[in-house]
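S.K.:
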Amino acid sequence: MAVDPEPTPTGATANQAAMAIDNESKQPKDIAFWPTALLLHLFKRCQAELDKEIEPNPVIVPISQTCRQWRDVALSNASLWTRVYLGFDRFDNGVMHLSRATDAERRLRISLYLSTKNLKLNESQMDRFTLAVAKSKYEWAEVTIEETRPKRLAMLLVAALSNSNWNLKLRNLSITCDSSNKAIKQQRMSPLSHLFKVGGADTTLGHLKIWKFPVTWANIARAPYLNRLDLRRVPEEYFPGWHTFAQMINSAVYLEHLVLIHVEIPLPIFLEPYPALEVPSLKSLTLYVTHGNKRCDINPTFLKAIKVAPKLETLVVSDLNHLSDVTQLVFSSETKRFQIISSITFLHVNIEEEVPDAFFTATESLKVFRVGGQPGGSYRNIFDKIQDALWPNLEKIVVVKMEELNKSDRESLSAFIEKRKESGKEVTVVEVDGEAGIEDWDLGNGFSLEEPQDLYKGRITKRTLEIMDVLSTDSEFEF
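By UniProt numbering, the letter at position 346 of the sequence shown is numbered 346, and the numbering carries on one by one without gaps.
Next comes the structure, spelled out in structure tokens:
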């Protein structure tokens with residue numbers, strides 16, 4: 001049976017076929033030809049998936065685990081290649097990528113996320129990592145290091161931060177030691193004291209987080225541009241003497257945010273008054289400090305030490321035995337210490353029957369009042385007072401777990417709301433619990449709490465401390 005020959009294309013058909021073939025030949029066949037916008041979109045999608053698994057900071061998907069073509073493209077584009085992740089079983093791959101990227105003749109501002117939890121590093125791996133970092137042409141913008149063993153953490157810090165060619169431009173440094181063993185020897189940390197000043201020049205370090213790790217080696221006074229200092233779970237033996245700490249804080253003239261959560265503050269010799277803290281740029285303070293069993297005594301003492309803080313807008317404080325203890329010297333119109341404060345959070349603060357009027361007049365610009373958990377007293381004592389035109393600018397009351405308010409508290413709160421409505425002013429009341437507070441919280445700035453029994457000896461529950469973190473000023477969560 002004869003087979004009909006294929007029809008010869010006419011002029012128009014032939015042109016269309018030729019154009020189709022030509023277009024097909026021009027189609028990009030590998031990732032190197034993909035638009036930058038498309039690659040960036042893919043990276044963000046990968047990052048979103050990775051964020052579900054990795055804490056505390058979101059990270060770009062490790063390029064060392066993608067195809068070589070993608071890695072090469074990313075290395076040639078600074079907008080794509082911004083983070084290095086060395087964590088868990090990916091440590092070798094990350095170091096390998098650092099080595100390969102050394103040949104790139106460019107200075108990229110990138111972030112290093114280094115986590116060696118559950119990982120046994122041998123001497124050979126440490127040498128490879130140190131060598132790769134030393135040869136790196138990167139300018140680290142952010143370094144986050146998590147470790148379970150103090151000795152290994154010290155080695156990693158020296159390896160990651162000893163390159164004086166770039167660490168002057170480091171902006172963010174976060175260090176966490178997830179070890180229950182408190183035997184971190186000071187001599188292991190002493191080599192790190194130079195990190196805040198290199199070659200006589202000041203660093204540009206702006207954000208410093210130290211969690212469960214000694215602060216004594218960190219000469220914060222050498223970081224004059226420090227904007228945010230976040231210290232958590234620092235025992236007294238890891239904390240500098242009060243005079244040294246005061247010098248550090250007073251020298252950080254640009255410090256705007258100070259977070260101290262479960263920090264054991266050493267008392268001055270012979271119970272002398274604390275040297276004055278002068279923080280002219282401070283905008284927010286989160287305070288939960290202790291000294292031995294004196295949880296409720298040390299916080300007011302700390303507050304009284306703050307003599308200059310004209311820009312303070314937000315105060316989060318836990319464990320005050322008596323509000324009246326701090327009113328005279330802290331919340332007083334005579335001292336004029338916190339004149340523009342607009343947000344106050346009280347957690348476990350004892351509200352006595354007679355709240356001094358000076359407290360309200362000294363905080364008359366208050367817009368947000370947050371309350372939760374208390375060792376005694378009643379919030380009714382505040383709600384009753386503010387019915388009489390006190391806190392005229394109040395816009396919002398946030399209650400951490402409404403069930404903690406007794407019946408009289410709720411009745412007084414309702415009466416206050418109704419009275420404000422009658423005067424034509426709306427005050428919003430928001431109830432927050434642990435889950436609701438965390439749901440939309442910026443995890444990049446958060447803190448993964450571990451077993452509360454270990455952290456707070458069971459007195460404060462995990463949920464309550466989650467709320468304290470939400471209300472903390474280092475969070476970008478807004479109610």
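Ideal Cβ positions, reconstructed from N, Cα and C, are used throughout, including at glycine.
Residues in its own chain within less than 8 Å of Asp409 by CB, not counting five upstream and five downstream?
M.R.: Correct list, in chain order: Ser378, Tyr379, Arg380 and Phe383.
S.K.: Look up Ser284 in the DSSP assignment and give the residues it is bridged to.
M.R.: According to DSSP, Ser284 bridges with His257 and Thr314.
S.K.: Using only alpha-carbon positions, find the residue among Glu278, Lys212, Phe416 and Pro275 that is nearest to Thr148.
M.R.: Checking every option, the nearest Cα to that of Thr148 belongs to Lys212.
S.K.: What does the alpha-carbon distance come out to for the pair Glu278 and Val143?
M.R.: For Glu278 and Val143, the distance between alpha carbons rounds to 29 Å.
S.K.: Tell me which same chain residues have a C-beta within less than 6 Å of the C-beta of Leu229, skipping the five on either side of it?
M.R.: Contacts found: Leu208 and Leu258.
S.K.: Assign Val95 to one of three DSSP states: helix, strand, or coil.
M.R.: Note: Val95 maps to helix in three-state DSSP.
S.K.: Please identify the residue among Val317, Leu390 and Ile386 whose C-alpha is closest to the C-alpha of Ser412.
M.R.: Taking only the C-alpha atoms, the option nearest Ser412 is Ile386.
S.K.: What is the DSSP secondary structure of Leu231, reduced to helix, strand or coil?
M.R.: Strand.
S.K.: Would you list the residues sitting across from His243 in a DSSP beta bridge?
M.R.: Paired residue(s): none; His243 is not in a bridge.
S.K.: Considering Cα atoms alone, identify which of Ser318, Pro300 and His291 is closest to Gly241.
M.R.: The candidate whose alpha carbon is nearest that of Gly241 is His291.
S.K.: Please name the residue, chosen from Val398, Phe416, Ser414 and Glu236, that lies closest to Val430 on a Cα-to-Cα basis.
M.R.: Ranking Val398, Phe416, Ser414 and Glu236 by Cα distance to Val430 puts Val398 first.
S.K.: Since residue 509 contacts Phe346 with CB under 8 Å, what's their CB separation in whole angstroms?
M.R.: Here the chain has residues from 1 to 479 only, and residue 509 is not among them.
S.K.: Going by DSSP in three states, Ser324 sits in which element: helix, strand or coil?
M.R.: Three-state DSSP puts Ser324 in a helix.
S.K.: Return the bridge partner residues of Arg370 from the DSSP annotation.
M.R.: For Arg370, which the question treats as bridged, DSSP gives the partners Thr345 and Val398.
S.K.: Just mark Ile265 as buried or exposed, buried being the case when its beta carbon has 16 or more other beta carbons within 10 Å.
M.R.: Counting Cβ neighbours within 10 Å, Ile265 comes out buried, since at least 16 surround it.
S.K.: How big is the Cα-Cα spacing for Leu285 and Leu405?
M.R.: Approximately 25 Å between the Cα atoms of the pair.
S.K.: Could you check if Phe369 is buried or exposed, using at least 16 other CB atoms within 10 Å of its CB as the buried criterion?
M.R.: That one is buried.
S.K.: Report the rounded CA-to-CA distance for Glu426 versus Ala389, giving the unit in angstroms.
M.R.: Taking the straight line joining both Cα atoms gives about 13 Å.
S.K.: Could you pull the DSSP bridge partners for Trp211 from this structure?
M.R.: Paired residues: Thr176 and Arg232.
S.K.: Under 8 Å by Cβ, that's how I've got Lys313 and Ser281 pegged, so tell me the actual separation to the nearest angstrom.
M.R.: Here residue 313 is Glu; the residue named in the question, Lys, does not match the sequence. Contact doesn't hold; Cβ gap of about 12 Å is too wide.
S.K.: From Ile261 to Tyr274, what distance separates their C-alpha atoms?
M.R.: Each residue's alpha carbon lies about 19 Å from the other.
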